[in-house]
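This report refers to the structure that appears directly beneath it.
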Amino acid sequence: MTQMTFARAINSGLRKSLENDPKVILMGEDIGALGGVFRVTDGLQKDFGKHRVVDTPLAESGIMGTAVGLAYRGYRPVVEIQFDGFIYPAFDQIVSQVAKMHYRTQGAVKMPITIRVPFGGGIGSPEHHSESPEAYFTHTSGLRVISVSNPQDAHTMIQQAIASDDPVLYFEPKRRYHDKGEVDESLDLSAALSMEKARVVTEGKDVTLLAYGPLVKTAKDAALAAADEGISIEVIDLRSLAPLDFATLEASVRKTGRLVITHEASQTGGIGAEIAASITERCFYHLEAAPVRVTGFDVPYPYSKLEMHHLPGLDRILDGVDRALGRPNSLSGLEG
Amino acid sequence: MFTDDAGKGGISAGGPGNSAGSSRRSGGDLVQLITPGGERVSHPEFDPWVQDVSDEQLGALYEDMVVIRRIDAEATALQRQGELALWPPLLGQEASQIGSARALRDDDFVFPSYRDNGVAYCRGVNPEDIVKAWRGNALAGWDPYTVNVATQQIIIGAQTLHATGYAMGIQNDGADSVAVAYFGDGATSEGDVNEALVFAASFQSPVVFFCQNNHWAISEPVRLQSHIQIADRAAGFGIPSMRVDGNDVLAVMAATRIATDRARHGGGPTFIEAVTYRMGPHTTADDPTRYRDANELEDWAAKDPIARLKSLLERKGLLTAELETAVAAKADAVAKALRSGTINMPEPQPMDIFKHVYSTPHSPLERQQDHYSRYLASFGDPAEAASEEGAR
């Protein structure tokens, strides 16, 4: 076990993948000499060379499209999208090519591409630097979408994503990059929890609280605070957003009968909507209350002085928990 | 002549060992080796690249062009008869596609668009596999790795980036293969094509950008896509370009050999503009009489690529009755096989819809598959249920 930051844990996972498979190639803007704007790829170009850690021209569709060609040739490209809001120029290549190639070719051409996306807000950035675009990709068949919440998962799951023969979007919570945690770098990938599995991070019996990425920490803090009031929250880190690990979610909801989902992304058509609908279909008779969503508003990401109103914080999450439990809350007295 | 195995008939690259440096000039001059009247004209720079093309190989190029035109006509007929949902004819572009495809090696890798059926044929794709997607029996008709041809791209220009990335992989592997991107004049307006040119130039990747300027992007004339000659755009990216008569199979072959030779020897990318003409509609669903002048079509019919090569063969005394009979018989046989292969193509099965979305299991999708299979089973006979479902 080594104490390291979130960013360093990803770096160490990337390094192991580069060491273990000569077909792994990193591509992105400023990932070489600079080591990435968040330094996640720090030192990798120096150690593995410019042909394996490639500084690309500043064109996201170009990066993604050439990654498709490299995958065609048998490579495993790991693409860094510098910021969440910069992924849209690559959207066509991701949705029309990366996601569909395996289906189009009836399995002949694999697209083992990992797309790393620093995402989410809370760092006081200008526009386009704080977004949560994951639902665009969970809606797209052919992609796998994961999000990591702690250094150990960041380290392990980047390697699992790279080893996957399917394309994977790997969402990194940029406001947690400097959080530290214990990381076991010798952990055997095959022994580690599958990247498609959710994890119960705090056990509880009164309400199930689902979070991923940056909000897992907030959800855990909320559970601690609620415990002081005698409320037992079961916090689950989704880890995989596509596919969702319904077995784990259902087991928890069948136990607690109440469900709260939180994410920074806007509400409409988001991950929370999909989970609420699916859990309602799958465990309707176990639910004691309607599922509750505590999410970013349906607004463009706001200017930074207002972002803390947009981002679900501990108190808003607890207000949602109160709603799920039928306790007095900010919406008491309102219909529906 | 390559009669039995279209994929193995590629004429190996010949000509001088070093690339023709002066082709780095602006693409302004249209290179032509065969006039519309079928006269072989000399060109000091391009001639050496096709001097090895034997009489027999000229006949084979003629056969290829006749056969692909026949495949094109048969596919159009199959569409009119309801056997194909749609077909994008390449009528008029035979020399561009055959001349370039026959200049490649088997280990080169082609990234084509949906109209490049002549290229696919030359690489050895079975004609009935070419029409498979247009019948709706698959999204793509072949395994790219068996013929080194990617599936035909429908998103305009997207494949130019794939070719460039593939070429970057060739570089990393230390190989001397070449990736070739086929696209049209309309595609040159797409961001992806411009990004592909940037990447290819920056990394000096072994990729050939083969642009068939067929003058029309559905209803939009080429002057709407480019204010200057398309080949001249390449200079802005630092990529050498050539502008060749795309209805002249030898000029196209020479240009492609110059470009692939440069790429194989570390000279990086080349842009070729093959100036040709889409004599048919964009697809069988299109009506060009709404947007273009019949006189224009007549002008281009006079420059027909097949008639041109036929005249050359005639001038050289190569157009024997024997050749003509053999070519006609080949075209008949291919068309007949295409028709029967199309009509007798096995129907896809309902549950095939769920196959190959992912390469490893995906539980929510398996659940949908299970539910749909139960739904179909609830009708009793699954085949009957599927056909009723399909009829709605």
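First to last, the protein sequences are chains A and B.
If you read the first sequence in the working numbering, its first letter stands for residue -2, the second for the next number, and so on.
If you read the second sequence in the working numbering, its first letter stands for residue -17, the second for the next number, and so on.
Each residue gets a CB set at the ideal place from its N, CA and C atoms; glycine is no exception.
None of the residues of the stretch 247 to 281 of chain A has a beta carbon lying less than 7 Å from any beta carbon of chain B. Taking 8 Å as the Cβ-Cβ cut-off, the stretch 112 to 132 of chain B approaches chain A at Ala120, Leu121, Ala122, Asp125, Pro126, Tyr127, Ala132, given in chain order. An exposed status is given to A:Pro297, since fewer than 16 other beta-carbon atoms sit within 10 Å of its beta-carbon.
Using beta-carbon distances, B:Phe181 counts as an interface residue toward chain A, with a partner under 8 Å. Against chain A, the CB of B:His353 has no partner CB under 8 Å away; the residue lies outside that interface.
Taken atom to atom, the span from the alpha-carbon of A:His152 to that of A:Arg49 is near 19 Å. With contacts defined as CB atoms closer than 8 Å, B:Gln75 and B:Gly248 fail to qualify as a contacting pair. With fewer than 16 other CB atoms across the displayed protein chains lying within 10 angstroms of its CB, B:Gln331 is exposed. Close CB contacts of B:Gln135 within its chain, under the 8 Å cut and outside five residues either way in sequence, are with Phe93, Pro94, Ser95, Tyr96, Gln141, His144 (chain order). For B:Asp230, no beta strand (DSSP E) encloses it, and the DSSP letter there is neither H nor E. Excluding five sequence positions before and after A:Asp319, the CB atoms of its chain that fall closer than 6 Å to its own CB belong to Asn326, given in chain order. Residues of the stretch 60 to 85 of chain A that bring their beta carbon within less than 9 Å of a beta carbon in chain B comprise Ile60, Met61, Gly62, Thr63, Ala64, Val65, Gly66, Leu67, Ala68, Tyr69, Arg70, Gly71, Tyr72, Pro74, in sequence order.
If you check each beta-carbon in the stretch 225 to 243 of chain A against every beta-carbon of chain B, the ones closer than 9 Å belong to Ala239, Pro240, Leu241, Asp242, Phe243. Annotation: A:Arg236 to A:Glu57 spans about 26 Å, alpha carbon to alpha carbon. Its Cα nearest to that of A:Ala270, the residue A:Asp295 stands out among A:Gly32, A:Ala248, A:Tyr282, A:Asp295.
Contact check between the stretch 75 to 82 of chain A and the stretch 127 to 138 of chain A: three or more CB pairs, one atom from each, fall below 8 Å, which counts as touching.
Between the C-alpha atoms of B:Gln211 and B:Thr252 there is a straight-line separation of about 16 Å. Positions of the beta strand (DSSP E) runs, each at least 3 residues long and wholly inside the stretch 65 to 127 of chain B, are given as 91 to 93 in order along the chain. For B:Leu68, no Cβ of chain A is located within less than 8 Å of the residue's own Cβ. Look at B:Leu143: its C-beta is under 8 Å from a C-beta on chain A.
Inter-residue distance for A:Ala105 and B:Lys337 is about 12 Å (C-alpha atoms, whole angstroms). Residue range 3 to 17 is occupied by the alpha helix (DSSP H) that includes A:Lys13. Look at B:Ile137: its C-beta is under 8 Å from a C-beta on chain A. Close to B:Ser184, with beta-carbon spacing below 9 Å, are these residues of chain A in chain order: Thr53, Pro54. With fewer than 16 other beta carbons inside 10 angstroms of its own, B:Asn277 counts as exposed. Contact of B:Glu110 with chain A is not assigned, every C-beta pair being separated by 8 Å or more. Judged by DSSP in its simplified three-state form, A:Gly104 adopts coil rather than helix or strand.
Annotation: B:Val234 has no Cβ neighbours in chain A at a cutoff of 8 Å; minimum Cβ distance is about 24 Å.
At a cut-off of 8 Å, the C-beta of B:Thr146 has a neighbouring C-beta in chain A. Three or more pairs of CB atoms, one per stretch, sit closer than 8 Å, so the stretch 131 to 150 of chain A contacts the stretch 166 to 174 of chain A.
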